[in-house]
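J.:
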């Protein structure tokens, strides 16, 4: 059966395009608070997995051994925009662990922050691996390899101790034994879980009281770091930073490619997993904003995130992107 | 009922994202050759409407009165990339009708051809209205207004004689009396029809033998111009040019925003209309390629367009975009 339509885009009097998807909201005890659409099929969480991937960095003691700050931890969870605040900190981090940019396994892509991307074109500077939105995550992997004194080369392979540790943490937190993986845009393995399992893992990070103390402390530090430094885990004007700020720090959220969005709500002990069937980020942003709003976590002003005007090239409003009926009607 | 899944994207062993949509293939007599999904709901065809919008330019005699070439006619149907081959010709065209760029009602956006966009950033040149992908269409509207000696100002409004003439042609060709409209990205009205009605209009252009001679000649000239100058109606490396060339000029196709694609097959007298529910261009390109392939119009080499590898930032193949079962199975 098809997942329900969650988001619609209008133009004139017609709905022009629609986005279907599924949503799971789960608490730390494993109770499903909300299940819309298919929440059991395995789905890649893509960059929404980064806070789970960062668990190994913190709970292994690697972060402390190398004196990483909460800013570094936020960067480890980042799909960053390649602004100087990101690239400068990643450069310093790599130096701190005795690595260089050439140790990063991710490929290069241009900065996602237009003023930086345009300045680099003007100045004839080519983007390098450090500009990859995942360079903080990769620096985290390298830090763990250093701490464990294992080879840094090949740290991105699924059979490397760092990636096996990531899979083990994710398996534990999500209660999942089978973790099929694909290769992410940055060359690291990305493990698939059901939406329910992802949301459970996020909930256990949001309310880690039942986890062993070292793991619980890691979860608390990661979420606090993302909430304290939302621009470091995303970038200027990006949806994650906007939503974390709009929640007054009550929610951490992390976007992923192909229409995934994850949410961690410490005060409520809830985890959120969203997947848009067709992979559209414009829709996953609307859905996470709607879920946060239903949970009472968005201030009045921030509710504007829910309904976005569609402008033409003259700046005229010609339609809007908005929650569809199934999303507007949901109760939480 | 949900439209069927037409396109899927894989990563590793899983399908990561899917695109649903509908397809209509109709002949000039109005016989439906293929109907997949909902082909009766009104849909904006967006830039796929341009060949119909260009009908007024040619059948009014405006194109001949101002000595427009087939290159100009192709440009009138263009969502062009803002390369010099496009902007130089639009500039000359506007001069020929005694207009300037400031008469264009469309807004500015950067060139869609990366080398040009980057060169303009390097040189500090701002994109102007002429770079709008629709500037050829708008030059066509202005040419008609000049030819009819009516006000050029306001030519983009739905009640202007030029736009009323566009609606009348579209209504005639598609057999549609109700034409709701929205405002397109370029500020011109975009009229909605069912997919069946759009495909019928396209089929009547592809086989115009039953139309009155002046209209039939206009349809023949427009399709021949698009096929003769596919890069002028799109741009270097763009899907429309690639597909027209891959068909050895047996098909004309025109993309539209939000997942629309139109097709005109003169030899077969067929019209094609495709709409991806979620608006994804990556999916509409796969579907039009698949439909052309089913019609026997793609050469062996060009069938590679059907299945596109998905690369990560290191250039490694991590998945593919491909026709889903419902699309692979269709018979034409």
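Protein chains in written order, with this note's numbering: chain H, 1 to 332; chain F, 333 to 664.
Ideal Cβ positions, reconstructed from N, Cα and C, are used throughout, including at glycine.
(1) Hey, quick one: how far does the alpha helix (DSSP H) through residue 473/F stretch, first residue to last?
(2) Could you give the first and the last residue of the continuous alpha helix (DSSP H) run that contains residue 198/H?
(3) Which first and last residues belong to the beta strand (DSSP E) in which residue 335/H is found?
(4) Examine chain H for any beta-carbon lying closer than 9 Å to the beta-carbon of residue 370/F, and answer yes or no.
(5) Should residue 545/F go down as buried or exposed, given a rule of 16 or more other Cβ atoms within 10 Å for buried?
(6) Exposed or buried, which one is residue 639/F when buried takes at least 16 other CB atoms within 10 Å?
(7) With respect to the alpha helix (DSSP H) encompassing residue 390/F, which residues constitute its N-terminal and C-terminal limits?
(8) Just to confirm, are residue 4/H and residue 262/H a CB contact at a threshold of 9 Å?
(9) Work out the CA separation of residue 132/H and residue 204/H for me, nearest whole Å.
(10) Looking at chain H, which residues of the stretch 515–536 of chain F have a Cβ within less than 9 Å of any of its Cβ atoms?
(11) Give, in chain order, every residue of the stretch 105–122 of chain H whose Cβ lies closer than 8 Å to some Cβ of chain F.
(12) Using only CA atoms, which one of 162/H, 136/H, 137/H and 156/H lies nearest to residue 148/H?
(13) How many angstroms separate the CA atom of residue 238/H from the CA atom of residue 230/H?
(14) Would the C-beta of residue 108/H count as close to the ligand FMN, meaning under 8 Å from any of its heavy atoms?
(15) Give the interface partners of residue 350/F over in chain H, defined as CB-CB distance under 8 Å, in chain order.
(16) Please classify residue 294/H: does DSSP put it in a helix, a strand, or coil?
(17) Using beta carbons (cut-off 9 Å, strictly below), is residue 235/H in contact with chain F?
(18) Tell me the DSSP secondary structure of residue 343/F in three-state form.
(19) Among 524/F, 421/F, 445/F and 580/F, whose alpha-carbon lies nearest the alpha-carbon of residue 12/H?
(20) Going along chain F in order, which residues have a C-beta closer than 9 Å to the C-beta of residue 316/H?
(21) Please determine if the stretch 90–108 of chain H and the stretch 262–271 of chain H are in contact, where contact requires at least 3 C-beta pairs separated by less than 8 Å.
(22) Quick check on DSSP: helix, strand or coil for residue 509/F?
(23) Evaluate residue 478/F with the Cβ neighbour count: other Cβ atoms within 10 Å of its Cβ, from every protein chain shown; 16 or more gives buried, anything less gives exposed.
(24) Between 423/F, 531/F and 468/F, which lies nearest to residue 558/F when the distance is taken from Cα to Cα?
(25) With a threshold of 9 Å between beta-carbons, can residue 319/H be considered close to chain F, or not?
(26) How many whole angstroms separate the CB atoms of residue 39/H and residue 173/H, which I take to be in contact at a CB cut-off of 8 Å?
(27) Count the C-beta pairs between the stretch 620–628 of chain F and the stretch 22–42 of chain H that are closer than 8 Å, then say yes if the count reaches three, no if not.
(28) Which residue's Cα is closest to the Cα of residue 76/H: 130/H, 324/H and 20/H?
(29) Can you tell me which residues form a DSSP beta bridge with residue 32/H?
(30) Between residue 180/H and residue 315/H, what straight-line distance do the alpha-carbon atoms span, to the nearest angstrom?
(31) When we look at the beta-carbon of residue 419/F and count the other beta-carbons within 10 Å, is it buried (16 or more) or exposed?
(32) For residue 209/H, is the classification buried or exposed, using 16 other Cβ atoms within 10 angstroms of its Cβ as the cut-off for buried?
(33) For residue 589/F, which of helix, strand or coil comes out of DSSP?
(34) Please check the pair residue 234/H and residue 240/H, which I expect to be a contact at CB under 8 Å, by giving their CB distance rounded to whole angstroms.
(35) For a quick check, are the C-beta atoms of residue 7/H and residue 321/H less than 9 Å apart?
(36) Measuring alpha carbon to alpha carbon, tell me which of 664/F, 655/F and 389/F ends up nearest residue 341/F.
T.: In this structure, then:
(1) What you label residue 473/F is simply residue 141 of the second chain in a count that begins at 1. First-last of the alpha helix (DSSP H) with residue 473/F: 467–480.
(2) Stepping through the first chain from its first residue, residue 198/H is reached at position 198. Following the DSSP letters along the chain, one finds residue 198/H inside the alpha helix (DSSP H) bounded by residues 195–206.
(3) Missing from the structure shown is residue 335/H; chain H here goes from 1 to 332 and no further.
(4) Counting from one through the second chain, the residue named residue 370/F turns up at place 38. Closer than 9 Å: no.
(5) Indexing the second chain from 1 puts residue 545/F at position 213. The residue is exposed, with fewer than 16 neighbouring Cβ atoms inside 10 Å.
(6) The sequence position of residue 639/F within the second chain is 307, counting from 1. Residue 639/F should be labelled exposed.
(7) Counted from its first residue, the second chain places residue 390/F at position 58. Per DSSP, residue 390/F belongs to the alpha helix (DSSP H) from 382–391.
(8) To locate residue 4/H, count along the first chain from 1; it is residue 4. To locate residue 262/H, count along the first chain from 1; it is residue 262. No, these two residues do not count as a Cβ contact at 9 Å.
(9) Indexing the first chain from 1 puts residue 204/H at position 204. Indexing the first chain from 1 puts residue 132/H at position 132. Their Cα atoms are separated by approximately 29 Å.
(10) 515, 516, 517, 518, 519, 521, 522 and 524
(11) 105, 106, 107, 108, 109, 118, 121 and 122
(12) Taking the first residue of the first chain as 1, we reach residue 148/H at position 148. Comparing Cα positions, the closest option is 162/H.
(13) Position 238 of the first chain, counting from 1, holds the residue named residue 238/H. Position 230 of the first chain, counting from 1, holds the residue named residue 230/H. Answer to the nearest angstrom: the Cα atoms are 9 Å apart.
(14) Summarising the ligand content, the structure contains no ligands, and the ligand FMN is consequently not present.
(15) Walking along the second chain from the start, residue 350/F turns up at place 18. Result: 277 and 278.
(16) On the first chain, residue 294/H is found 294 positions in, with the first residue counted as 1. Helix at residue 294/H.
(17) Working through the first chain from its first residue, we reach residue 235/H at position 235. Answer no: the Cβ-Cβ gap between residue 235/H and chain F never drops below 9 Å.
(18) Walking along the second chain from the start, residue 343/F turns up at place 11. Here residue 343/F sits in strand by DSSP.
(19) Taking the first chain and counting its residues from 1, the one referred to as residue 12/H is at position 12. The option with the nearest alpha carbon to residue 12/H is 524/F.
(20) As a first step, residue 316/H must be located in the first chain, where it is residue number 316. Those within 9 Å of residue 316/H in chain F are 439, 515 and 519.
(21) no
(22) Counted from its first residue, the second chain places residue 509/F at position 177. Coil.
(23) By one-based count along the second chain, residue 478/F stands at place 146. The residue in question, residue 478/F, is buried, as its Cβ has 16 or more Cβ neighbours within 10 Å.
(24) Translated into positions along the second chain, residue 558/F becomes position 226. The residue with the shortest Cα to Cα distance from residue 558/F is 468/F.
(25) Along the first chain, one-based indexing puts residue 319/H at 319. Judged by the 9 Å Cβ criterion, residue 319/H is in contact with chain F.
(26) By 1-based counting over the first chain, the position of residue 39/H is 39. By 1-based counting over the first chain, the position of residue 173/H is 173. Going by Cβ atoms, the distance from residue 39/H to residue 173/H rounds to 17 Å, so no, they are not a contact pair.
(27) no
(28) Taking the first chain and counting its residues from 1, one reaches residue 76/H at position 76. Out of 130/H, 324/H and 20/H, 130/H has the C-alpha closest to the C-alpha of residue 76/H.
(29) As a working note, residue 32/H is residue 32 in the first chain. Answer is 26/H, bridged to residue 32/H.
(30) On the first chain, residue 180/H is found 180 positions in, with the first residue counted as 1. On the first chain, residue 315/H is found 315 positions in, with the first residue counted as 1. Residue 180/H and residue 315/H have their C-alpha atoms some 45 Å from each other.
(31) Position 87 of the second chain, counted from the start, is the residue given in the question as residue 419/F. So residue 419/F ends up on the buried side.
(32) Mapped onto the first chain, residue 209/H falls at position 209. Residue 209/H comes out exposed.
(33) As a position in the second chain, residue 589/F is number 257, starting the count at 1. It is coil, neither helix nor strand.
(34) Along the first chain, one-based indexing puts residue 234/H at 234. Along the first chain, one-based indexing puts residue 240/H at 240. Right, their Cβ atoms sit about 4 Å apart.
(35) Locating residue 7/H in the first chain gives position 7, counting from the first residue. Locating residue 321/H in the first chain gives position 321, counting from the first residue. A distance below 9 Å separates the beta carbons of residue 7/H and residue 321/H.
(36) Counting from one through the second chain, the residue named residue 341/F turns up at place 9. For the residues 664/F, 655/F and 389/F, the minimum Cα distance to residue 341/F belongs to 655/F.
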